[in-house]
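Below is one structure, written out as C-alpha cells; comments come after it.
In UniProt numbering, the protein residues as written are 1 to 481.
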C-alpha cells in the first residue's frame, strides 16, 4: 500500500485546510491581542492538530506523525545547536566587553544616517566570505543592532539590512550549504548555478542598496536626539568595561573558524569560551558570573553598578544572551516540525505539489509554480534544505521537458526557498533572526529588500524572457521563445 505521505488522492480542499487554519488563527490572534510568539505557537498547534486528524482519517496514527517530525528535527539538529550556541555567544561577548567595544567603535565611526546601508554591505561581505547567514547575523549583525540601539535609532531597518546582507552570501557563496543543496537538487554545477543567480541577485542587491542609502538621506534612521543618546551610551560603556583591543579576540576566532569551514556551533562555543575567560581575566568579573552568563545571559548587575544610575536604554542593551533566552525559539521549532510531520503524513504535501504542477502552461507559469512551491513548502517544512531537494526532484522533469536548463530551476529554488524562509515568522531561520537580532520578523521583513527582490526579479525575468531573451537559459544555450 502506498504511504499517505506519497499519495496524491487527497482532495485539494482537505490539503488546504491546515494552511487555512494556520493563517486564520494567526490573523484572529493578531486581531484579538496583537502579534506575539504565543499566537504563532497556538496557530501552528491548531494547524498540526487539523493535519493530524486528516492523517488519522487516512489510516496514519500519532506514531507516524511523531516519527516524521522527529526525522525533521534530526535533520536540523546542527541548526538547533548553532541557535543554542549563539545564545551563549551573546552573553559571553557582553561579559568580555566585545560587543560594548564594537558599539563604542561603531558610534565613533558610523554615520547614523548610513548605518542601514553600512549594515547591509558589511554583513553581505562577511556572508560571502564565510557562506553562513546565521554566523554573519549572529556576530557582525548583532554588533550593528547593538550600535543602532545605543544610538537610539529604529532597529527594524537595521535588522532588515542585516538579514538582506546575510542572505546575499547565503545565496551566492560557494561555501554556503543552501547554495550547494540548490545546485544538487537541480543537478547542475555549483559555479554555473551561482553565475545564473546573478540575473536576479545583482538587481536585488542594487535596489536594496539604493533604498538603504535613501533611507539615510531622508532621515528614516534617526532623529536629532541621537548624538546625545550615543554620547551618553559611549561614556557609560567606557565606565563599565575595559575597552581594549583584546576584546576583539573572540570575534577574530569566530570569523576565522567559520571562514575555514569549521563546524559553526563548535566555533561559536570556542569563541564564547574565550570571551568568558577574558571577562574574568581582563574585565575582572567573578568566575561564578561566567557560569551564570552561559545559562541566563549577561546582567548589568554583574558589573557592580546599580542599573538606575545608567542611561535608561543601557540595561536593555546589555542584559541579553544565555541558553535560557532560546527557550521559546526551541518550542517554536518543535511545534513547526510537528506541523510539518502531520502535513507530510496526511499526504497534504504531495497533493499541494501536484496541484502546483498541474497549473504549468508556459515558462513563466513554470517559474511561478516553482517559486510558489518553494515558498509554500518551506512555510510548512521550515527546512530550506529538505524543501530544495523536494522541489528540485519534482520539478526537474518539467524543466527538462520544456527544454530549459537546470540552472533556471536551481535559481528559482534559491529565490523562493532560501530568500523567503527568513520572512515567514514560524520558520527556523526567521525565528533565529528575530531571536538573535531582537527584532520581530514582521518588523524587519519589509526592510529585508534583498530577500523580497529575489522572487520579484525572478518572475519579471521569466515574464520578459520571450521578448528580451535575457535570464532564461535553454538546454541548448539559447533563450526560449
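Backbone N, C-alpha and C fix where the C-beta goes; we use that ideal spot for every residue, glycine too.
If only uninterrupted alpha helix (DSSP H) runs of at least 4 residues are considered, those enclosed by the region 74-100 are 77-95. For the 8 Å CB-CB criterion, residue 182 and residue 196 do not form a contact. Nearest in C-alpha terms to residue 325, of all of 361, 400 and 431, is 431. Remark: C-beta atoms of residue 455 and residue 415 approach each other more closely than 8 Å. DSSP lists 404 as the bridge partner or partners of residue 474. Within the model, the alpha-carbon separation for residue 351 versus residue 429 is close to 26 Å. In the DSSP assignment, residue 414 falls outside any alpha helix (DSSP H), carrying neither H nor E. Assigned with DSSP and collapsed to three states, residue 308 falls in helix.
For the pair residue 387 and residue 377, the CB atoms are nearer than the 8 Å cut-off.
Assignment of residue 319 by DSSP, reduced to helix, strand and coil, places it in the coil class. According to the DSSP assignment, residue 421 belongs to no alpha helix (DSSP H), since it is labelled neither H nor E.
Our two residues, residue 92 and residue 357, have alpha carbons roughly 49 Å apart in a direct line.
Short of 6 Å from the beta carbon of residue 435, and not among the five residues preceding or following it, lie these beta carbons of its own chain, in chain order: 329. For residue 443, the enclosing alpha helix (DSSP H) begins and ends at 441-444. Counting of Cβ neighbours within 10 angstroms places residue 337 among the buried residues, the total reaching 16 or more.
Using a Cβ distance threshold of 8 Å, residue 404 and residue 458 do not count as a contacting pair. DSSP, reduced to helix, strand and coil, places residue 202 within a helical segment of the structure shown. Only exposed fits residue 262, as fewer than 16 other CB atoms lie within 10 angstroms of its CB. The residues 323 and 326, in chain order, have a CB closer than 7 Å to that of residue 84 in the same chain once the five nearest residues on each side in sequence are set aside.
The beta-carbon separation of residue 141 and residue 166, rounded to 6 Å, stays under the 8 Å limit for a contact. The three-state reading of DSSP puts residue 43 in helix, counting H, G and I together.
A buried status is given to residue 118, since no fewer than 16 other beta-carbon atoms sit within 10 Å of its beta-carbon. Between residue 156 and residue 317, the CB-CB gap reaches or exceeds 8 Å.
With distances taken between CA atoms, residue 287 lies nearest to 276 out of 297, 296 and 276. With respect to the C-alpha of residue 255, the residue from 78, 272 and 240 having the closest C-alpha is 272. Distances from the alpha-carbon of residue 395 to those of 365, 42, 339 and 54 put 365 closest. Between the beta-carbon of residue 343 and that of residue 380 there is about 5 Å, and that keeps the pair under the 8 Å contact cut. In this structure the region 48-59 lies against the region 13-22, because at least three pairs of beta carbons, one per stretch, are closer than 8 Å. Residues of the same chain with a CB within less than 8 Å of the CB of residue 355, apart from the 5 flanking positions on each side, are 12 and 15 in chain order. Per DSSP, reduced to three states, the secondary structure at residue 467 is helical. Per DSSP, the unbroken alpha helix (DSSP H) holding residue 327 starts and ends at 327-346. Only residues of its own chain outside the window of five on either side were considered, and among them 182, 183, 186, 188 and 193 have a CB closer than 6 Å to the CB of residue 410, listed in chain order. If the five residues before and after residue 446 are omitted, its C-beta is found closer than 6 Å to no C-beta atom of its own chain. In this structure the region 116-134 lies against the region 158-173, because at least three pairs of beta carbons, one per stretch, are closer than 8 Å. In chain order, 247, 248, 250, 251 and 275 place their CB closer than 7 Å to the CB of residue 98, counting only its own chain and leaving out the 5 sequence neighbours on each side.
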